[in-house]
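K.L.:
Just so you know, this note's numbering puts 531 at position 100 of the sequence shown, and the rest follows in order with no gaps.
Think of the CB as a built atom: it goes at the ideal place given N, C-alpha and C, for glycine as much as any other residue.
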Amino acid sequence: MNKKENTLNYPSPLIEQRADPFIHKHTDGYYYFTGSYPDYDRIVLRRAKTIAELAEAEEKVIWWKHDEGIMGSFIWAPEIHFVDGKWYIHFAAGEAGKTPSTNRPYVLECADSNPLEGEWVEKGKINLSFESFSLDATTFEHKGDRYLIWAQKDVEEINSDLYIAKMSNPWTICTEPVMIATPEYDWEKIGFNVNEGPAVIKRNGKVFVTFSASATDENYCMGLLTADTDSDLLDADSWTKTPHPVFETSEETGEYGPGHNSFTIAEDGTTDLLVYHARPYKGYLEGKDPLSDPNRHARVKAFSWNEDGTPNFGIPGSTED
Numbered sequence: 432m433n434k435k436e437n438t439l440n441y442p443s444p445l446i447e448q449r450a451d452p453f454i455h456k457h458t459d460g461y462y463y464f465t466g467s468y469p470d471y472d473r474i475v476l477r478r479a480k481t482i483a484e485l486a487e488a489e490e491k492v493i494w495w496k497h498d499e500g501i502m503g504s505f506i507w508a509p510e511i512h513f514v515d516g517k518w519y520i521h522f523a524a525g526e527a528g529k530t531p532s533t534n535r536p537y538v539l540e541c542a543d544s545n546p547l548e549g550e551w552v553e554k555g556k557i558n559l560s561f562e563s564f565s566l567d568a569t570t571f572e573h574k575g576d577r578y579l580i581w582a583q584k585d586v587e588e589i590n591s592d593l594y595i596a597k598m599s600n601p602w603t604i605c606t607e608p609v610m611i612a613t614p615e616y617d618w619e620k621i622g623f624n625v626n627e628g629p630a631v632i633k634r635n636g637k638v639f640v641t642f643s644a645s646a647t648d649e650n651y652c653m654g655l656l657t658a659d660t661d662s663d664l665l666d667a668d669s670w671t672k673t674p675h676p677v678f679e680t681s682e683e684t685g686e687y688g689p690g691h692n693s694f695t696i697a698e699d700g701t702t703d704l705l706v707y708h709a710r711p712y713k714g715y716l717e718g719k720d721p722l723s724d725p726n727r728h729a730r731v732k733a734f735s736w737n738e739d740g741t742p743n744f745g746i747p748g749s750t751e752d
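#1: So residue 667 and residue 628 are in contact, right, with Cβ under 8 Å, and what is the actual spacing, rounded?
#2: State the start and end residues of the unbroken alpha helix (DSSP H) segment that holds residue 484.
#3: Inspect the CB distances between the stretch 462 to 478 and the stretch 504 to 522 and report whether three or more fall short of 8 Å.
#4: Which residues in the same chain as residue 606 place their Cβ atom closer than 6 Å to its Cβ, once the five residues preceding and following it in sequence are excluded?
#5: Put residue 531 into one of helix, strand or coil per three-state DSSP.
#6: I'd like the span of the beta strand (DSSP E) that includes residue 683, first residue to last.
#7: By how many angstroms is the C-alpha of residue 626 removed from the C-alpha of residue 451?
#8: Report the start-end ranges of each alpha helix (DSSP H) in the stretch 653 to 710 that is 4 residues or longer and not cut off at the edges.
#9: So the beta strand (DSSP E) residue 575 belongs to, where does it begin and stop?
#10: Would you call the stretch 512 to 521 and the stretch 496 to 503 touching, i.e. three or more CB-CB distances under 8 Å?
#11: Near residue 449, which residues of its chain fall below 6 Å by C-beta distance, leaving aside the five closest residues on each side in sequence?
#12: Just mark residue 691 as buried or exposed, buried being the case when its beta carbon has 16 or more other beta carbons within 10 Å.
#13: Does residue 617 come out as helix, strand or coil in the three-state DSSP assignment?
#14: Could you check where the beta strand (DSSP E) with residue 468 kicks off and where it finishes?
#15: Out of 746, 538, 665 and 641, point me to the one whose CA is closest to residue 754's CA.
#16: Taking Cβ to Cβ, would you say residue 744 is nearer than 7 Å to residue 677?
#17: Report the three-state DSSP secondary structure of residue 508 (helix, strand or coil).
#18: Rounded to whole angstroms, what is the Cα-Cα separation between residue 564 and residue 652?
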């Protein structure tokens, strides 16, 4: 596949067949990358001094799924975070031999300065208050408190909703979960009723949470939640959902179903970057389904900010806003 170059000279796609991409820019001068592996049986990491170099960086398997029981299947959407001097990976996993309905959020910890070489310890399952399909946990700090936002199926409805809670440490929530988003618009309900893949960025006096909606074909797209930085993030009324997608399929550029994003900063230390996956075609390969079609490719795109302080992600595959 020919890889196009954008204005920041990042290969496009950056890394093929790595859905749910996550890039962390660390204080050691390295960018760290992880994402869902197509076999859903391992967690991989790579690092490089620049984002472009991640494309060819050596990939290290830092953890394998269990042969039986919990954490035994469907290893999805790992994220790497550095909290209080240690590395943490948040990911979803199901029970061996069972369906993704058994997926729950889990956490790994590494105390080594180099997470590609250090030992990873299983901290276990996050203590969610009710049992149902749950995934895509992300963590962030705000005004001295640590929070978790994740997607979880409503016990009564066939929905994937977004919840938030405070954390006492990177693997334990310490407040009751609060639902901050549920599929309500038509663009969130194509194929499936989905709000998932939350990612947090704080700018301009606001806390923004992007999320992904609908089925993981060309209808997959990104939405946006907004809260004031001084508001109570555990109050559902603090959050406002933008009534339209903020990032969606572009037939012109050939990127379909963009979503499950993360955020990072460019090498210049100032340019905000959207990290996301998208397929290079509509639908799925013949005989494949959303899980077995591996071609959700990791991509990176610079974005800007509107005059009202909201993010302008532009068009997938385009360097223009």
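P.N.:
So, from the listed chains and residues:
#1: Their Cβ separation, rounded to whole angstroms, is 19 Å, which puts residue 667 and residue 628 out of contact at 8 Å.
#2: Element bounds for residue 484: 482 to 485.
#3: Flag = yes, the stretch 462 to 478 and the stretch 504 to 522 touch.
#4: Same-chain partners within the cutoff: 596 and 597.
#5: Three-state DSSP puts residue 531 in a helix.
#6: Segment: none, residue 683 is in no beta strand (DSSP E) and carries neither H nor E.
#7: Taking C-alpha positions only, residue 451 is separated from residue 626 by approximately 14 Å.
#8: Counting whole runs of 4 or more residues, the stretch 653 to 710 contains no alpha helix (DSSP H) stretch at all.
#9: Annotation: residue 575 is outside any beta strand (DSSP E) and is labelled neither H nor E by DSSP.
#10: The stretch 512 to 521 vs the stretch 496 to 503: no contact.
#11: Hits under 6 Å: 466 and 729.
#12: Classification for residue 691: buried.
#13: In this structure, residue 617 counts as helix in the three-state DSSP scheme.
#14: DSSP places residue 468 in no beta strand (DSSP E); its state is neither H nor E.
#15: The shown model of the chain, from 432 to 752, leaves out residue 754, and the question about it has no answer.
#16: Taking 7 Å as the Cβ cut-off, residue 744 and residue 677 qualify as a contacting pair.
#17: In this structure, residue 508 counts as strand in the three-state DSSP scheme.
#18: Answer to the nearest angstrom: the Cα atoms are 21 Å apart.
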